[in-house]
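Input: a single structure, listed below in structure tokens.
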Amino acid sequence: TTHPLFNMQSPQFQALNWLSNIDRSQITDEDPHVVQRYALSVLYFATGGPPVDHNTDFSLKRRGGPWRNPTNFLTPNHECEWKSSVMKGEGRGGGIRRCDADRNVVELSIYNELAGTIP
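Per this note's numbering, residue 1 is the first one in the sequence shown, and the count goes up by one each step.
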């Protein structure tokens, strides 16, 4: 069986590919948040997050399906900013709810018509 990092269809591979080749944050492997950023991107791809490329506009609402409401996940912003600007009612998207003083994610809300399994 192929290790997930070598399986191009796996969320782990997709997240690593995004982090290495598409992410515009220019985070380095020495950044204390690189593992956090990778883990959250694995969650995105594992729960039906649509494919992304250099031109993806994360502020747009998608028509139906998982991650249809903008959450700013995978934007160049710090992970603590990966959240919906709409917190109540129709259009709410969830995302990061709270970070600590060191900018570590400590709470997230994962409702957004997600599909798949949490890795």
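C-beta atoms are modelled at their ideal positions from N, C-alpha and C, and glycine is treated no differently. In this text, all values refer to a predicted model and were calculated from it rather than measured experimentally.
Assuming residue i and residue j make a contact with CB atoms under 8 Å, what is their CB distance in whole Å?
| i | j | result |
| --- | --- | --- |
| Phe-58 | Asn-69 | With a Cβ gap of about 11 Å, Phe-58 and Asn-69 do not count as contacting. |
| Leu-114 | Arg-97 | No, Leu-114 and Arg-97 are not in contact; Cβ-Cβ is about 15 Å, not under 8 Å. |
| Leu-40 | Trp-67 | Not a contact, Cβ separation roughly 13 Å. |
Between the alpha carbons of residue i and residue j, how many angstroms are there, rounded?
| i | j | result |
| --- | --- | --- |
| Leu-43 | Ala-101 | 23 Å |
| Gln-120 | Phe-45 | Missing from the structure shown is residue 120; the chain here goes from 1 to 119 and no further. |
| Arg-103 | His-54 | 25 Å |
| Tyr-38 | Pro-76 | 13 Å |
| Ile-22 | Gly-65 | 23 Å |
| Asp-31 | Arg-24 | 15 Å |
Let me know the secondary structure DSSP gives residue i once reduced to three states.
| i | result |
| --- | --- |
| Arg-37 | helix |
| Val-52 | coil |
| Ser-109 | strand |
| Ile-118 | coil |
| Ile-27 | coil |
Quick one, are the C-beta atoms of residue i and residue j less than 8 Å apart?
| i | j | result |
| --- | --- | --- |
| Gln-60 | Trp-18 | The question names Gln, but residue 60 in the sequence shown is Leu. In this structure, Trp-18 does not lie closer than 8 Å to Leu-60 by Cβ. |
| Arg-63 | Pro-50 | no |
| Thr-56 | Gly-116 | no |
| Gly-94 | Ile-110 | yes |
| Cys-80 | Val-52 | no |
| Val-35 | Ile-27 | no |
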